[in-house]
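J.:
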Amino acid sequence: MAIAATEVVADVQHGASIAVNGVCLTVVEHAPTGFTVDVMAESLDRSSLGALQPGSAVNLERAVRADGRLDGHIVQGHVDGVVELLRRSEHEHWTEVTFGLPSALAPYIVEKGSVALDGVSLTVASVGDDEFSVCLIPTTLSLTTLGARQPGDPVNVEVDVLAKYVERMIGLRVTA
């Protein structure tokens with residue numbers, strides 16, 4: 001997959017990680033005007049990358065450096081699945097966006113917890129049995145692809161990795 005970009009490739013090297021709509025991919029070629037990555041079947045099966053068309057806008061983010069500031073929650077770029085945008089509710093200073101919640105991911109989505117949508121680290125505003133919502137401020141709406149997403153659109157979701165580890169550790173203790 002070839003991505004046109006300038007800022008994100010300013011000091012990129014072969015082998016660097018760049019998240020594309022939340023999917024961590026490895027740079028195999030780069031130039032001042034973009035970069036190329038290899039995308040394996042696992043990434044295509046678990047994400048919406050396969051549905052992208054030439055010219056599609058995507059969210060791009062470099063991996064955080066260990067000596068840098070972490071301005072969100074821990075996001076690995078390991079997408080857990082795809083959710084459907086169900087509805088948008090516009091408010092004066094924010095937009096509430098509601099997504100379908102697959103039962104397999106429901107245990108990891110909690111109110112005021114964290115979730116990454118197309119790689120954007122967000123706080124969960126509300127959770128129901130089969131849906132959840134986030135609230136997006138104007139800056140998020142204008143600087144990410146979430147501002148253009150409409151009902152029916154697929155969005156990559158990464159749930160909180162700490163919740164998955166806790167579940168695994170508790171499950172091992174119960175069965176051991």
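Numbering (the UniProt record's numbering), first residue to last: 1 to 176. Note that the Cβ used here is the ideal one computed from N, Cα and C, for glycine as well.
Hey, is the stretch 148-161 in contact with the stretch 85-97, meaning 3+ C-beta pairs nearer than 8 Å?
T.: These segments touch.
J.: With DSSP as the reference, identify every bridge partner of Pro154, one or two as the case may be.
T.: According to DSSP, which records beta bridges pairwise, Pro154 is partnered with Glu84.
J.: Quick check on Glu42: buried or exposed, where buried means 16 or more other Cβ atoms within 10 Å of its Cβ?
T.: Burial call: exposed.
J.: With H, G and I counted as helix, E and B as strand and the rest as coil, what does DSSP make of Ser114?
T.: DSSP places Ser114 in strand when its eight states are reduced to three.
J.: In the DSSP assignment, find the alpha helix (DSSP H) that holds Arg46 and state where it starts and stops.
T.: Looking at the DSSP string, the run of the alpha helix (DSSP H) that includes Arg46 is Ala41 to Arg46.
J.: Using C-beta distances below 6 Å, list every residue in its chain close to Thr144, excluding the 5 sequence neighbours before and after it, in chain order.
T.: The answer, listed in chain order, is Asn59 and Val120.
J.: Quick check: the Cα distance between Val20 and Val75, rounded to an integer number of angstroms?
T.: Each residue's alpha carbon lies about 13 Å from the other.
J.: If you reduce the DSSP assignment to three classes, tell me which class Ile18 lands in.
T.: Here Ile18 sits in strand by DSSP.
J.: Can you give the beta carbon distance from Asn156 to Val82, rounded, assuming they're within the 8 Å contact cut?
T.: With 8 Å as the limit, Asn156 and Val82 qualify as a contact, their Cβ atoms being about 6 Å apart.
J.: Exposed or buried, Ile170, counting other C-beta atoms within 10 Å across all chains shown (16 or more means buried)?
T.: Answer is exposed; the Cβ neighbour count stays below 16.
J.: In this structure, how does DSSP classify Glu92 when only helix, strand and coil are distinguished?
T.: In this structure, Glu92 counts as coil in the three-state DSSP scheme.
J.: Using three-state DSSP, classify Ile137 as helix, strand or coil.
T.: In the structure shown, Ile137 sits in coil (DSSP, three-state: anything other than H, G, I, E or B).
J.: Report the CB separation of Ser17 from Ala63 in whole angstroms; it is logged as a contact under 8 Å.
T.: Right, their Cβ atoms sit about 4 Å apart.
J.: Given a cut-off of 8 Å on the beta-carbon distance, is the pair Leu105 and Asp130 in contact?
T.: Not a contact, by the Cβ cut-off of 8 Å.
J.: How would you write the range of the beta strand (DSSP E) that Arg62 sits in, first residue to last?
T.: Note, Arg62: beta strand (DSSP E), Leu60 to Arg62.
J.: Can you find the residues in the same chain that come closer than 8 Å, C-beta to C-beta, to Pro107, ignoring five residues on each side of it along the sequence?
T.: Ala163 and Glu167, listed in sequence order.
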